[in-house]
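Structure first, then comments.
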Amino acid sequence: MSDIKKFMYVNRRAPYGTVYAWESLEVVLIGAAFDQQVSLAFLDDGVYQITKGQDTTQLGIKNFSPTFSALGDYGITNIFVEKESLEKRGLTVADLIPLKYEDENDNYAEKDSIKLVSASDLVKVLEEQDVLLNF
Amino acid sequence: MKLGIQINEGPYTHEASVSALNYIKAALAAGHEIFRVFFYHDGVNNGTRYASPPQDDVNIVNTWSKLAKEHKIDLVVCVAAAQRRGIVDEGEQKRNGKDGNNIAEGFRISGLGQLIEAAIQCDRLVVFGD
Chain F
0 MSDIKKFMYV NRRAPYGTVY AWESLEVVLI GAAFDQQVSL AFLDDGVYQI
50 TKGQDTTQLG IKNFSPTFSA LGDYGITNIF VEKESLEKRG LTVADLIPLK
100 YEDENDNYAE KDSIKLVSAS DLVKVLEEQD VLLNF
Chain W
0 MKLGIQINEG PYTHEASVSA LNYIKAALAA GHEIFRVFFY HDGVNNGTRY
50 ASPPQDDVNI VNTWSKLAKE HKIDLVVCVA AAQRRGIVDE GEQKRNGKDG
100 NNIAEGFRIS GLGQLIEAAI QCDRLVVFGD
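Chains F and W are the protein sequences, given in the same order.
Everything in the first sequence is counted per numbering that gives the first Met the number 0, starting at 0 for the first residue and increasing by one.
Everything in the second sequence is counted per numbering that gives the first Met the number 0, starting at 0 for the first residue and increasing by one.
The following block contains the structure:
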C-alpha cells in the first residue's frame, strides 16, 4: 500500500438518535493509522456532532464528543464545517468544540483544525477527494 | 475495475443489502473484480446464519453465502459493530465467553482496517445505505 489517497469523511447526521456519527468516528480513528491524507466535513445536522457542552446523562447514551478533541493527536487537521449548515441552525464557530492541532512544521504552534467553508467551496473540496465515506 | 463494497444497513429493514447483491452480480457479469464486501453499522446483521425468513421470502443471508462461494468473494463483518449487535464467530465466542456463535458461511469477522484497505486498494469504494 504505497499510494496515498485523499480520504474524506462526510458527517451529515446528528450525534445521537442514530449510531452513524459515533461509528463514523470509529472509522476515522482506525483509518488514521493508515497514513492517508484525511479530511472530515460536517454539514447538515452533522454540525451538531462538534457543538460544545454536550450532556447525554439523561439520554442514557455515551457522550462521545470529547473524542473529537483527540483528532489533532491522530494527525487529522483538516476539518471542514459548512457555513450554511451552521447559519440555518443559529450556530457560529464559537458554538463548536475548539478543535486544534500542534503544527510540527511551525515549532508545534497550536492551530485551528476547523475551516469554515461555504457550500460551493465544500463542493470543490469534495471533488478533489479519492475516497468519500458518507455517514 | 477493482471494486470495494460497503454495506451500512441490515437485511429486510432496508434495501441496501439487496441493492448491493444486484449491483455485485451485475458488476461480476460485466467483468469487474469484487475485492471485498465490508459490512458496517446494522449491515453486520447480514452475516447471521440464524436468520430464518418465511419460505416464500428471499433468504438474504443465504444469498450472500452462495454468492461468496460461487465467486470467492471476501465478506467481512466489522468486529466492533458486530460485538455491539451480537454477531459472533468461534474466535469471538471464545474471546467474549459466549455460549454460541452465529456467523454465516462465507463471512468472516475482522477490523475496520479492512474497510480502509479496500478503499486504498480498489479503484472505487461503493457504499450502500442512506
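Idealized CB from N, CA, C, for every residue including glycine.
Owing to the predicted nature of the structure, the values given are computational and were not obtained by experimental measurement.
Nearest-angstrom Cα distance between F/Met7 and W/Lys68? In the first sequence, counting from the first residue as 1, residue 7 of chain F sits at position 8. In the second sequence, counting from the first residue as 1, residue 68 of chain W sits at position 69. Each residue's alpha carbon lies about 33 Å from the other.
Taking the beta strand (DSSP E) that F/Glu83 falls in, what are its first and last residues? Counted from its first residue, the first sequence places residue 83 of chain F at position 84. Element bounds for F/Glu83: not the beta strand (DSSP E) but the alpha helix (DSSP H), 82–87.
For F/Arg12, count neighbouring C-beta atoms within 10 Å of its own C-beta (all shown protein chains included) and say buried if the count is 16 or more, exposed if not. Start at 1 with the first residue of the first sequence, and residue 12 of chain F comes out as number 13. Answer is buried; the Cβ neighbour count reaches 16.
Three-state class that DSSP yields for W/Arg123 in the structure shown: Position 124 of the second sequence, counted from the first residue, corresponds to residue 123 of chain W. W/Arg123: strand per DSSP, three-state reduction.
Rounded to a whole number of angstroms, what is the C-alpha to C-alpha distance between F/Leu121 and W/Gly85? In the first sequence, residue 121 of chain F corresponds to position 122, counting from 1. In the second sequence, residue 85 of chain W corresponds to position 86, counting from 1. Their Cα atoms are separated by approximately 38 Å.
Could you check the C-alpha separation between F/Thr66 and F/Asp43 for me, to the nearest Å? Stepping through the first sequence from its first residue, residue 66 of chain F is reached at position 67. Stepping through the first sequence from its first residue, residue 43 of chain F is reached at position 44. Near 20 Å, if we compare the C-alpha coordinates of F/Asp43 and F/Thr66.
Three-state class that DSSP yields for W/Asn45 in the structure shown: Locating residue 45 of chain W in the second sequence gives position 46, where the first residue counts as 1. Three-state DSSP puts W/Asn45 in a helix.
Using a Cβ cut-off of 8 Å, which residues of the segment 25–56 of chain F contact any Cβ in chain W, in chain order? Glu25, Val26, Ile29, Gly30, Ala32, Phe33, Gln35
Just to confirm, are F/Val124 and F/Ser84 a CB contact at a threshold of 7 Å? Residue 124 of chain F sits at position 125 when you count from the first residue of the first sequence. Residue 84 of chain F sits at position 85 when you count from the first residue of the first sequence. No. Outside cutoff.
Check the Cβ of F/Tyr107 against every Cβ in chain W and list those closer than 9 Å, keeping chain order. For the purposes of this step, residue 107 of chain F is identified with residue 108 of the first sequence, where counting begins at 1. Result: empty, since nearest Cβ-Cβ is about 28 Å, beyond 9 Å.
From the DSSP output, which residues share a beta bridge with W/Ser109? Position 110 of the second sequence, counting from 1, holds the residue named residue 109 of chain W. W/Ser109 pairs with W/Cys77.
Check W/Ile72 in the structure and name its three-state DSSP category. Counted from its first residue, the second sequence places residue 72 of chain W at position 73. Three-state result, W/Ile72: coil.
Report the residues of the segment 65–82 of chain F with a CB closer than 7 Å to any CB of chain W, ordered along the chain. none
Given this structure, state the Cα-to-Cα distance separating W/Ile33 from F/Glu109, to the nearest angstrom. Taking the second sequence and counting its residues from 1, the one referred to as residue 33 of chain W is at position 34. Taking the first sequence and counting its residues from 1, the one referred to as residue 109 of chain F is at position 110. Roughly 43 Å separates the two Cα atoms.
Using a Cβ-Cβ cut-off of less than 9 Å, give me the residues of the segment 72–93 of chain W that come near chain F, in sequence order. Cys77, Ala79, Ala80, Arg83
Would you say the segment 23–32 of chain F touches the segment 59–76 of chain F, given that touching needs at least three Cβ pairs under 8 Å? yes
Sorted by chain position, which residues of the same chain lie with C-beta nearer than 7 Å to W/Gln92's C-beta, five sequence neighbours on each side aside? Translated into the one-based positions of the second sequence, residue 92 of chain W becomes position 93. Contacts found: Gly99, Asn100.
Ordered along the chain, which non-local residues of its own chain (more than five positions away) have a Cβ less than 8 Å from that of W/Tyr11? Sequence index remark: in the second sequence, residue 11 of chain W carries index 12 (1-based). Closer than 8 Å at Cβ, skipping near neighbours: Pro52, Ile59.
Listing by chain order, which chain W residues have their CB less than 7 Å from the CB of F/Val18? One-based indexing of the first sequence puts residue 18 of chain F at position 19. In chain order: His40.
My output table needs one value for F/Ser64: the three-state DSSP class, helix, strand or coil. By 1-based counting over the first sequence, the position of residue 64 of chain F is 65. Residue state, collapsed to three classes: helix.
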